[in-house]
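In this note's numbering, the protein residues as written are 28 to 74.
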Amino acid sequence: MEKFNKNNPLWQSNYHDHIIRNEIEYQQITNYILCNPMNWTEDTLKM
28 MEKFNKNNPL WQSNYHDHII RNEIEYQQIT NYILCNPMNW TEDTLKM
């Protein structure tokens, strides 16, 4: 599959999986997912 482009919007380059190994890490990732949309207005790399 080709990398992300206008014809293929489902591929993200540099994407990688991550194994959550403990509760603290789980909480940090959860917090990131919940709070990240608040940062979108500051995003300089918008499409």
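Ideal Cβ placement from N, Cα and C applies to all residues, glycine included. Predicted model, so just to flag it, every value in this text is computed and none were measured.
For residue i, three-class secondary structure by DSSP
| i | result |
| --- | --- |
| I46 | coil |
| M28 | Only weak support is given to the placement of M28: the predicted model assigns it a pLDDT of 49, under 50, and the value that follows is read from those uncertain coordinates. Three-state result, M28: coil. |
| L72 | coil |
Nonlocal neighbours in the same chain, by C-beta distance under 7 Å from residue i, ignoring five residues either side
| i | result |
| --- | --- |
| I56 | I47 |
Sequence-distant residues of the same chain with beta carbon closer than 8 Å to residue i, five excluded per side
| i | result |
| --- | --- |
| Y53 | I47 |
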